[in-house]
Structures are given as C-alpha cells and as structure tokens.
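Novice: Going line by line, the protein sequences match chains H and A.
If you use our numbering, the first sequence corresponds to residues 21 to 565, in order.
If you use our numbering, the second sequence corresponds to residues 7 to 255, in order.
One structure, pasted below without further comment.
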Amino acid sequence: MTEHARETMEFDVVIVGGGPAGLAAAIRLRQLSPDATVCLIEKGSEIGAHILSGAVIEPRALEELLPDWRERGAPLNTPVTEEAMLYLTESRGYAVPMLDRVMPHMRNHGNYIVSLGDVCRWLAAQAEELGVEIYPGFAGAEILEEDGRVVGVATGDMGVGRDGQPGANYAPGMELRARYTLFAEGCRGSLTKRLMAMYNLRKGVDPQTYGLGIKELWEIPKDRHRPGLVQHSFGWPLDDRTYGGAWMYHFGENLVSYGFVVGLDYPNTWLSPFDEMQRLKLHPSFRAYFEGGRRIAYGARALSEGGLQSVPRLTFPGGALVGDAAGFLNVPKIKGTHTAMKSGMLAAEAVAEAMESGKAEPASYTRRVRQSWLWQELRGVRNIRPAFARFGMKGGALYSGIDAMLLRGRAPWTLHHRHADNETLESATVSAPIAYPKPDGKITFDRLSSVFLSATNHEEDQPVHLKVRNPDLWKTVNWDVFRAPESRYCPAAVYEAVDTDTAPRLQINAQNCVHCKTCDIKDPAQNIDWVTPEGAGGPNYPGGM
Amino acid sequence: MKVLVPVKRVIDFNIKPRVKADGTGVETAGVKMSMNPFDEIAVEEAVRLKEKGIATEVVAVSIGVQQAQDTLRTALAMGADRAILVLTDVAVEPLGVAKTLKALVAKESPDLVILGKQAIDDDMNATGQMLAGLLAWPQGTFASKLDIADGRATVTREVDGGLETVSLALPAIVTADLRLNEPRYASLPNIMKARKKPMETLAPADLGVDVTPRLTVVSVAEPPARKAGIKVDSAADLVARLRKEAKVI
C-alpha cells in the first residue's frame with residue numbers, strides 16, 4: 021500500500037474504540053488475565069472526545085465490572101429524582117399518566133444523569149491502572165486478515181496530503197497485531213461495516229435501523245436548575261410517520277443536557293433533524309429552561325435502534341463485535357451504555373477462555389450473551405421499535421403500552437424491520453415541504469455556529485474522508501429525486517448543494533464532520549462511504565458532554 | 007551540545023475557551039489540554055538539531071500539575087531524550103517559570119534553551135526574555151530560522167519591518183515563532199517507545215525556587231458578542247451613520 025514500511029507491535033488483544041464497550045472489555049480482560057497484553061486505540065484526540073450520549077445510565081453493568089465504583093470516584097453524581105414523559109402538541113405538553121406502568125422501561129429510579137464522556141475518561145483511568153495500554157488519536161483504518169482470520173488492525177497514515185501523496189510530516193500507520201481483536205467502534209463503525217461484508221455477519225438477521233441523536237449542553241441560571249430532573253417528549257414537531265423525541269436532563273453544576281433523536285427511517289426528504297431539534301426548544305414545555313442560559317457544547321451521533329432482530333453474528337475467526345457496533349441499545353429505555361458495557365465484559369470473558377484453549381474464534385461470546393440479562397432485557401422490548409415503524413407514532417405508543425401492561429414483553433410474535441433506513445425516503449415532489457423558523461441566536465442557532473461548539477477540527481490537508489463512490493449518482497438520485505437530503509440530515513453542514521440554479525453539484529465540507537455516520541446510513545443510494553480521517557480529527561467534546 | 011526545551015500544558019488550540027460563570031478565570035475542568043503549539047515547534051527544532059548531529063541530548067521540561075506528564079510524553083514521543091517535571095499545583099507565572107528554568111540550567115548546563123515565543127493561554131510572551139535576563143545570556147526571540155555553527159547561533163527573527171538576523175554566542179536563549187518549522191506527528195511507535203524514556207519529577211523547593219504568584223487577576227470576561235451588520239440604502243445614509251452613530255468621520 022505504501023512504500024514506507026509500517027512498524028508492527030504484537031498484543032494478545034487489540035480493542036478498536038474507547039467507548040463504554042471497549043473500555044469495559046479492556047478492564048474485564050485484565051481482571052481475568054492479568055498477564056494478557058491489551059492495547060486500545062481511539063480515533064478521538066483523547067478518550068471522551070467522540071463520546072456523545074444523553075446520558076441517563078443504569079449502573080448495573082458497572083456494578084458488575086467494578087463493584088467499588090463509588091469509592092473509586094466514578095463520575096455518577098446526579099441520581100434521577102424527577103421524571104416526566106410529555107406528549108407535545110404545537111402549543112401544549114401533556115404528561116403521560118402512570119408512567120411507571122405504561123412505560124415501565126422509562127423507570128429511572130436508581131439511575132444517574134452523567135456525562136458519558138466523563139464516565140469514559142474515568143473508565144480509561146481505571147483501565148490504565150490495570151495495565152491496559154490506551155492510545156487516543158489513532159484510528160483503526162484497516163483490518164489485517166491472514167488465512168481467513170482477523171489478526172489485528174492498522175492505524176491510518178498521518179500527514180497524507182489532499183492529493184493522497186505523503187506530505188513533509190508524513191508518518192506511516194502502524195500494524196497492531198493481536199490474537200484477538202475486539203471492534204468497539206460504536207454505531208455503524210467503518211471497520212465493523214467491512215467485517216460484516218467479509219464474514220457475512222448480517223446473514224439471516226433484520227436490517228439494522230438507526231436514529232440520529234443531536235445534543236446540546238447548556239449552562240442555565242441556578243434558580244431554574246432542578247438537578248435530577250429527567251424530561252422526555254414525543255409528538256410535536258414530528259409527524260405521525262416519524263419516530264423520535266426530545267430529552268432534557270438537569271445535572272452537575274447548573275448543566276442541562278438537551279437533545280433530540282429522530283429515527284432515520286423517516287420518509288420526508290425535507291425533514292431536517294437539526295432544525296427540528298432547534299425549534300423544539302421554543303416549545304413552552306422546554307423554552308423557560310433555556311432563557312438566560314448559554315449553550316456551551318454541541319454534537320451529534322447516530323445510534324442503532326434495531327434491537328435483537330438486527331444483532332448480527334457476533335464473532336468471527338480472531339475477534340468479535342461489542343457494544344453499539346453490534347447494536348445492543350435498548351430503544352424503549354433509551355439506554356445503551358449498560359448493555360454496551362455488558363457486551364464488552366462478556367466478549368472479554370469469551371476471549372479469555374479462547375486464549376486458554378487456543379481457539380481462533382471466541383464463539384462462546386454468543387452463548388454468554390444469550391444467557392445473560394442483556395439478552396433477556398432486549399428480548400422483552402424487541403417489538404416496540406418496529407411497532408412504531410409499522411403503526412406510526414400514535415399506534416406505536418398504543419402498542420407499546422399494551423405490550424408493557426398486558427403482554428409484559430412476552431408476546432408470542434416478533435415484529436421485524438422490513439426496510440433499511442436508506443430505502444424509506446420519499447421523493448421531493450411527494451414529501452410535504454417543512455418551513456423551519458429562523459434561528460434567534462439566543463435559544464435557537466444555525467448549523468455553523470453549532471459545529472463551532474463541537475470544537476471539531478480535521479487537519480486541512482488530507483484526503484476527503486467521505487467517499488462518494490459514484491459522483492454521477494448524486495445528480496440523478498440525490499438531487500433530481502430527493503433534492504439533496506444530505507444537506508438537511510447532516511447536523512454539521514458537511515454537505516451543501518451548490519450552483520443549484522445552473523449545474524447543481526455536491527460540495528463536501530469534510531472538515532466540519534462530527535463523525536455521526538448519518539450519511540453512511542441514510543444516503544438513498546448508499547453512495548457515501550464514511551472512512552476514518554487522520555487520527556485525532558473530529559469533534560473534541562468537552563467534559564460535561 | 008545539550009538542548010533544554012521547556013513545554014507548557016495549555017487548553018488545546020481547537021477548543022473555544024469558556025469564561026467561568028463567576029468571572030474568576032477560564033474553565034479548565036474537563037477541557038482538553040495539549041502542548042502549547044509554539045513549544046511543539048521548539049521541540050521539533052531541538053530534535054532536528056539532534057538529527058543533524060549538532061545536539062547530543064534534548065531534555066524536555068515542564069512546570070505544572072501531574073498531568074503535565076502527558077505533555078512531556080508528547081515531547082519524548084517527538085524525539086526528546088528525557089524529561090523533567092517540576093511538580094506544582096500553583097498557576098505559575100512567567101517570572102516563576104523563568105526562575106525555575108534558571109535553576110534547571112544550573113543543574114543541567116545546556117548550551118541552548120529553545121522555548122515557544124509565548125503560550126497560547128496567557129499570551130504573555132515573557133518567559134524566554136526573563137530567563138535570558140536572569141542568566142545574562144544572549145537571546146534570539148521570534149525565531150523563524152536557526153543555524154548553529156562554531157559556538158554561535160544565527161537566528162533569523164520576524165520583526166515588524168521584515169526579517170532581522172542576529173548572531174549569538176552560546177550558551178543562548180531562542181524563542182520559536184510559527185514559521186521556524188512544521189512539527190512532526192508523535193507517531194504511534196514513538197509514543198509507545200516514549201513510555202520507556204526516563205522522566206524525573208522535582209518540586210520547586212528542590213530547586214530552591216519560590217513560584218508563588220505575584221499577579222492578581224481582577225476579572226476575566228468574554229469579548230462582547232459581535233452585532234449583526236446592517237444594510238444602508240444610500241451613500242448619503244452611510245456617511246450620515248458613520249458620522250452620527252459610529253462617530254468615525
């Protein structure tokens with residue numbers, strides 16, 4: 021590939037990705053096999069830099085991993101004390117009564133509002149203390165495979181110019197070879213995607229379906245801050261055919277996490293998740309909290325919503341998928357941290373066993389998952405997300421109430437995901453245009469000032485990491501049929517349709533990319549391939565995010 | 007020839023600094039920190055001197071909190087041979103840093119100290135000059151080119167009118183400007199190797215230095231938000247507004 025020789029380093033286990041799943045796997049491995057050499061790489065400039073979540077977390081997996089997490093100072097400082105689920109009309113909000121019974125998954129007693137980035141920074145410190153080598157700023161760019169077995173990954177080259185040629189400060193990537201490689205890239209990982217094709221991991225399972233989460237971190241006046249408050253909403257501004265809703269969590273020192281998730285199976289090409297998120301802040305049920313406050317951070321990330329039906333084969337010779345790379349998020353709970361951590365721990369247990377016996381494939385991971393509370397939990401909620409896709413927002417809410425109260429998750433049927441998210445978009449002529457209000461600069465903002473607050477940076481002189489496979493297809497499909505949906509679903513203003521009056525073409529501002537992966541998922545023709553840019557590029561989410 | 011390179015841990019240049027709600031300073035809790043970019047240039051220059059066979063040893067030093075170790079590891083990964091951390095929780099000021107460096111110069115006897123021209127957090131641009139003053143060494147500040155030969159340093163300086171070249175007798179102080187070089191990446195193999203390079207930790211008291219701050223911060227505020235522009239209807243309107251509202255003509 022390059023004329024410069026790559027250096028090689030050998031480990032027992034290499035983990036790609038420093039989120040909750042990868043870090044939990046690393047910790048569990050060193051707990052079980054204190055002599056195993058474990059190396060973890062992370063494409064963000066530091067651990068936590070690319071972590072984006074609400075987040076209310078359930079401490080169940082953490083309790084199992086590090087029972088003394090409190091003494092070790094884990095940053096779980098705000099217990100949930102108040103919660104509400106609101107159904108919104110344009111001007112009013114109605115609290116769902118008897119939340120505990122209608123939506124038992126939303127019961128947050130015993131859970132904590134956290135910054136998941138901070139939790140990951142803390143987990144990384146625990147892992148390093150146990151002897152895990154952690155290298156942030158290096159992206160897993162290539163899978164190393166020999167004789168049908170994954171034998172590690174290579175990090176990307178640094179200092180490659182826009183033209184693809186090595187520049188003055190060129191540094192070749194490094195081969196990290198391992199007996200076992202765990203892929204913990206999170207939703208829609210770029211290497212995970214290749215693994216799925218290499219080993220046909222998605223054979224016989226439903227297509228994965230996704231959501232896009234967009235988040236802002238606010239600091240609000242003390243007199244309006246209610247630490248421990250968890251408020252969710254559904255309904256307005258989304259129509260009945262679009263799945264999604266908002267969250268608002270009060271935590272820490274006058275901090276508010278606000279965000280919005282849209283199911284990426286939405287049909288209306290004119291929909292802009294970013295603008296929906298902005299205008300929802302103006303709703304009377306939310307607005308008062310933001311007045312007089314200041315927005316301090318912004319970011320976005322796709323998440324897997326397919327649940328059990330969409331979980332691929334988890335292992336292959338030489339490795340396994342963990343966390344949201346596999347898709348273990350519990351949608352009705354809106355939580356994936358505890359399941360991600362649990363899957364990482366189970367994979368670590370399987371790898372530790374395989375190391376002993378010398379097996380190439382840590383196959384017992386699948387059995388361990390199926391026998392754990394993780395599987396039970398996902399099994400109980402498996403029909404809820406597909407019910408929304410099938411019966412719409414109101415019908416889905418009704419179904420989920422029945423599922424929870426009468427069937428208690430034990431329905432004898434399983435609803436399936438019938439379409440991939442890129443297949444659901446309707447053409448620009450069929451879709452109803454949506455008029456979004458202009459940002460006021462106080463509570464609502466435009467995309468560019470938002471991206472600025474994600475502290476995103478990419479080395480300017482490097483190849484564009486958003487690869488358009490067939491450039492001609494953009495005009496005939498994306499423009500002619502859908503009128504450039506990427507310019508609306510991208511929360512970071514990466515995609516712009518320019519010269520639309522004369523000769524429309526796509527402009528890609530790759531430097532803005534916050535690594536949410538939505539384009540890789542939603543592009544109607546699957547014509548956009550998200551690959552890792554130079555390591556350390558992307559957002560730099562601060563503490564509290 | 008030994009080269010001493012002081013490096014500072016600062017808020018990463020990609021991060022927009024945020025003033026604390028109470029106006030006492032800039033928020034650093036949970037904020038990404040990195041090596042001051044001008045110090046990276048200084049490290050690069052020192053490592054290049056070593057690669058050219060001019061320097062024999064490059065010693066990186068930092069004064070600050072425990073996490074400044076990470077900054078030193080970056081310097082080691084770039085090619086410094088060893089590192090010294092002068093550990094203190096005090097928010098050090100240029101004079102305290104210069105005094106500490108003077109004591110380290112006495113201990114290490116370098117022939118050259120290369121510093122960044124200034125740190126991007128407080129923009130003081132003072133430490134190099136103060137150190138030169140305390141040591142009574144010649145100084146070449148704002149260097150955009152550095153040549154070492156026959157016991158002298160030839161420094162090209164970026165000044166208002168253009169470029170100025172000075173010749174200094176070693177030992178000397180050089181402060182690095184932006185165009186001195188383009189720093190290399192700390193590559194993964196080199197970061198791995200840097201974990202094994204020696205790092206010594208000292209306290210200011212070990213060096214007999216008092217780093218207690220002498221400056222008082224009165225207040226810290228964010229710059230006022232820029233107001234949106236307006237469109238004027240005519241040249242006459244523009245002139246009138248420039249006269250009455252902007253009061254510039």
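Glycine residues also receive a C-beta, built at the ideal position from the N, C-alpha and C atoms.
All figures in this text were calculated on a predicted structure; none of them were measured in a lab.
Are any of the Cβ atoms in chain H nearer than 9 Å to that of Ala-35 of chain A?
Specialist: If you number the second sequence from 1, residue 35 of chain A lands on position 29. Closer than 9 Å: yes.
Novice: Would you report the Cα separation of Tyr-155 of chain H and Ile-61 of chain H, rounded to the nearest angstrom?
Specialist: Within the first sequence, residue 155 of chain H is the residue found at index 135, counting from 1. Within the first sequence, residue 61 of chain H is the residue found at index 41, counting from 1. Rounded to the nearest angstrom, the two C-alpha atoms are 5 Å apart.
Novice: Hey, how far is the Cα of Thr-289 of chain H from the Cα of Pro-511 of chain H?
Specialist: In the first sequence, the residue the question calls residue 289 of chain H occupies position 269. In the first sequence, the residue the question calls residue 511 of chain H occupies position 491. Going by the C-alpha atoms only, they are around 15 Å apart.
Novice: Can you find a C-beta in chain A that's less than 9 Å from the C-beta of Ser-253 of chain H?
Specialist: For the purposes of this step, residue 253 of chain H is taken as the residue at position 233 of the first sequence. No, because no Cβ of chain A sits closer than 9 Å to the Cβ of Ser-253 of chain H.
Novice: At the level of alpha carbons, what is the spacing between Gly-231 of chain H and Arg-405 of chain H?
Specialist: Here residue 231 of chain H refers to the residue found at position 211 when the first sequence is read from its first residue. Here residue 405 of chain H refers to the residue found at position 385 when the first sequence is read from its first residue. Rounded to the nearest angstrom, the two C-alpha atoms are 11 Å apart.
Novice: By the DSSP assignment, the alpha helix (DSSP H) with Tyr-509 of chain H in it spans what residues?
Specialist: Here residue 509 of chain H corresponds to residue number 489 of the first sequence, with the count starting at 1. Unbroken alpha helix (DSSP H) run through Tyr-509 of chain H: 506–509.
Novice: When you check each C-beta in the segment 143–159 of chain H against every C-beta of chain A, which residues fall closer than 7 Å?
Specialist: Cβ contacts with chain A: Tyr-155, Phe-158.
Novice: Consult DSSP for Ser-193 of chain A and reduce its assignment to one of helix, strand or coil.
Specialist: Here residue 193 of chain A refers to the residue found at position 187 when the second sequence is read from its first residue. Coil at Ser-193 of chain A, not helix or strand.
Novice: Could you say if the segment 330–345 of chain H and the segment 202–209 of chain H meet the contact criterion of at least three C-beta pairs nearer than 8 Å?
Specialist: In short, these stretches touch, since the Cβ pair count reaches three.
Novice: For Asp-18 of chain A, return the contacting residues in chain H, with the cut-off set at a CB-CB distance below 7 Å.
Specialist: Within the second sequence, numbered from 1, the residue matching residue 18 of chain A stands at position 12. Per Cβ cutoff of 7 Å: Asn-560.
Novice: In whole angstroms, give me the CA-to-CA distance for Pro-527 of chain H and Arg-307 of chain H.
Specialist: Residue numbering aside, residue 527 of chain H sits at position 507 when the first sequence is read from its first letter. Residue numbering aside, residue 307 of chain H sits at position 287 when the first sequence is read from its first letter. Here residue 527 of chain H is Gln; the residue named in the question, Pro, does not match the sequence. Each residue's Cα considered, the two are about 35 Å apart.
Novice: Compute the Euclidean distance between the alpha carbons of Asp-295 of chain H and Asp-138 of chain H, then round it to the nearest angstrom.
Specialist: Here residue 295 of chain H refers to the residue found at position 275 of the first sequence. Here residue 138 of chain H refers to the residue found at position 118 of the first sequence. Taking the straight line joining both Cα atoms gives about 28 Å.
Novice: Applying a beta-carbon distance threshold of less than 8 Å, which residues of chain A neighbour Glu-66 of chain H?
Specialist: As a first step, residue 66 of chain H must be located in the first sequence, where it is residue number 46. What Glu-66 of chain H touches in chain A: Lys-38.
Novice: Would you say Arg-185 of chain A lies against chain H (beta-carbon separation less than 9 Å)?
Specialist: Stepping through the second sequence from its first residue, residue 185 of chain A is reached at position 179. Closer than 9 Å: no.
Novice: Is it the case that the segment 248–255 of chain H contacts the segment 180–198 of chain H, given that we only count it when at least three CB pairs across the two stretches are under 8 Å?
Specialist: no
Novice: Closer than 7 Å, Cβ to Cβ, to anything on chain A: give me those residues from the segment 313–338 of chain H, in chain order.
Specialist: Within the segment 313–338 of chain H, the qualifying residues are Ile-316.
Novice: List the residues of chain H that Met-198 of chain A touches, going by C-beta distances under 7 Å, in chain order.
Specialist: Translated into the one-based positions of the second sequence, residue 198 of chain A becomes position 192. In chain order: Met-29.
Novice: Grab me the residues of Pro-87 of chain H's own chain with a C-beta within less than 7 Å of its C-beta, minus the 5 sequence neighbours each way, in chain order.
Specialist: Along the first sequence, one-based indexing puts residue 87 of chain H at 67. Nothing meets the Cβ criterion.
Novice: Roughly how many whole angstroms lie between the Cα atoms of Leu-152 of chain A and Met-130 of chain A?
Specialist: Translated into positions along the second sequence, residue 152 of chain A becomes position 146. Translated into positions along the second sequence, residue 130 of chain A becomes position 124. Distance between the alpha carbons of Leu-152 of chain A and Met-130 of chain A is about 23 Å.
Novice: Give a yes or no on whether 9 Å exceeds the smallest Cβ distance from Ala-417 of chain H to chain C.
Specialist: In summary, chain C is missing from the structure at hand, where the protein chains are H and A.
Novice: Buried or exposed: Leu-244 of chain A, going by 16 or more other Cβ atoms within 10 Å of its Cβ?
Specialist: The residue you call residue 244 of chain A lines up with position 238 of the second sequence. Under this definition Leu-244 of chain A is an exposed residue.
Novice: Looking at the structure shown, is Tyr-309 of chain H part of a helix, part of a strand, or coil, going by DSSP?
Specialist: As a first step, residue 309 of chain H must be located in the first sequence, where it is residue number 289. Helix at Tyr-309 of chain H.
Novice: Along chain A, which residues have their Cβ under 7 Å away from the Cβ of Gly-39 of chain H?
Specialist: For the purposes of this step, residue 39 of chain H is taken as the residue at position 19 of the first sequence. Residues of chain A passing the Cβ test: none, with the nearest at roughly 17 Å.
Novice: Counting only C-beta atoms, is Gly-93 of chain H closer than 9 Å to chain A at any point?
Specialist: Locating residue 93 of chain H in the first sequence gives position 73, counting from the first residue. Not an interface residue.
Novice: Who does Trp-267 of chain H pair with in a DSSP beta bridge?
Specialist: Here residue 267 of chain H is taken as the residue at index 247 of the first sequence, counted from 1. Answer is H:His-252, H:Gly-279, bridged to Trp-267 of chain H.
Novice: Beta-carbon within less than 7 Å of Met-21 of chain H's beta-carbon, same chain only, minus the 5 sequence neighbours each way: which residues are those?
Specialist: To locate residue 21 of chain H, count along the first sequence from 1; it is residue 1. Per-residue confidence for Met-21 of chain H stands at a pLDDT of 43, beneath the threshold of 50, marking its modelled position as unreliable; no derived number is given.
Novice: Measuring alpha carbon to alpha carbon, tell me which residue in A:Pro-189, A:Leu-174, A:Glu-51, A:Leu-208 is nearest Ala-109 of chain A.
Specialist: Looking up residue 109 of chain A in the second sequence gives position 103. The candidate whose alpha carbon is nearest that of Ala-109 of chain A is A:Leu-208.
Novice: Under a CB-based cut-off of 9 Å, is Leu-473 of chain H close to chain A?
Specialist: Reading the first sequence from its first residue, position 453 is the one you call residue 473 of chain H. Cβ-Cβ to chain A under 9 Å: yes for Leu-473 of chain H.
Novice: For His-270 of chain H, which residues from the same chain have a beta carbon less than 6 Å from its beta carbon, with the 5 sequence-adjacent residues on both sides left out?
Specialist: Here residue 270 of chain H refers to the residue found at position 250 when the first sequence is read from its first residue. Within the same chain, His-270 of chain H has close Cβ partners His-245, Arg-246, Pro-247, Leu-249, Val-276.
Novice: At which residue ranges does the segment 127–187 of chain A contain complete beta strand (DSSP E) runs of 3 or more residues, listed in the order of the chain?
Specialist: 145–155, 158–165, 168–175, 178–182
Novice: Can you say whether Met-297 of chain H is buried or exposed, counting buried as having 16 or more other CB atoms within 10 angstroms of its CB?
Specialist: For this step, residue 297 of chain H is matched to residue 277 along the first sequence. It counts as buried.
Novice: Please state whether DSSP places Leu-394 of chain H in a helix, a strand or coil.
Specialist: Along the first sequence, one-based indexing puts residue 394 of chain H at 374. Three-state DSSP puts Leu-394 of chain H in a helix.
Novice: DSSP on Arg-261 of chain H, reduced to helix/strand/coil?
Specialist: Looking up residue 261 of chain H in the first sequence gives position 241. DSSP places Arg-261 of chain H in coil when its eight states are reduced to three.
Novice: Could you give the first and the last residue of the continuous alpha helix (DSSP H) run that contains Cys-533 of chain H?
Specialist: To locate residue 533 of chain H, count along the first sequence from 1; it is residue 513. Per DSSP, Cys-533 of chain H is not a residue of any alpha helix (DSSP H), being assigned neither H nor E.
Novice: Taking only beta-carbon positions, decide if Pro-195 of chain A is within less than 9 Å of chain H.
Specialist: Walking along the second sequence from the start, residue 195 of chain A turns up at place 189. Answer yes: the Cβ-Cβ gap between Pro-195 of chain A and chain H drops below 9 Å somewhere.
Novice: So is Ala-380 of chain H in contact with chain A if we call contact Cβ pairs under 9 Å?
Specialist: Within the first sequence, residue 380 of chain H is the residue found at index 360, counting from 1. Taking Cβ atoms only, chain A never reaches closer than 9 Å to Ala-380 of chain H, which makes this a no.
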